[in-house]
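Inspection log for the structure reproduced underneath, given as structure tokens.
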Amino acid sequence: GIVRIQTDRGHKVCDVGPYTWVRHPAYAAFPLLFLGNALLLNSRKAFIIGIVATIIMWIRAFWEDRILQQELPGYRDYSLRVPWRLIPGLF
-6 GIVRIQTDRG HKVCDVGPYT WVRHPAYAAF PLLFLGNALL LNSRKAFIIG
44 IVATIIMWIR AFWEDRILQQ ELPGYRDYSL RVPWRLIPGL F
């Protein structure tokens, strides 16, 4: 599957640092990485690939969020405290 809750590793909700603003800060940073590199390379192909990669990663973030809400204890409460998945004030 896309996400596996690893109870043997003691997975728990992280709600400090950037996780106080968005639930998936790493996925939120992908556009900066992909599109920033495309701009540095001055490459239209890299820019298009960056857009596609960003869309794919954000879709994964939505799937992951759904699974975490169902399977990770405390995540549903966390999602009520931090309503934004990727971009504060937007979504």
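Residues -6 to 84 (our numbering) are what the sequence shown spells out, left to right.
Where is the CB? At the ideal position from N, CA and C, for every residue including glycine.
Inset, instruction - Specify, as a first and last residue, the run of the alpha helix (DSSP H) that Asn30 falls within. - result: Counting along the chain, Asn30 sits inside the alpha helix (DSSP H) bounded by residues 18 to 34.
Legend entry - Selection from Glu64, Thr47, Tyr71, Ile49 that minimises the alpha carbon distance to Thr0: With distances taken between Cα atoms, Thr0 lies closest to Glu64.
Legend entry - Beta-carbon proximity of Tyr71 to Val15, cut-off 8 Å: Between Tyr71 and Val15, the gap from beta carbon to beta carbon reaches 8 Å or more.
Inset, instruction - Indicate whether Ala21 and Leu79 have their beta-carbon atoms separated by less than 8 Å. - result: Yes, the pair counts as a contact, with Cβ atoms nearer than the cut-off.
Legend entry - Local Cβ density within 10 Å of Trp56, reported as buried at 16 or more and exposed below that: Exposed is the call here.
Inset, instruction - Classify Gly3 as buried or exposed, calling it buried when 16 or more other Cβ atoms lie within 10 Å of its own Cβ. - result: Under this definition Gly3 is an exposed residue.
Inset, instruction - Answer yes or no: do Ala46 and Phe27 have a C-beta to C-beta separation smaller than 8 Å? - result: Yes. Within cutoff.
Inset, instruction - Could you spell out the range, first to last residue, of the alpha helix (DSSP H) harbouring Thr13? - result: Segment: none, Thr13 is in no alpha helix (DSSP H) and carries neither H nor E.
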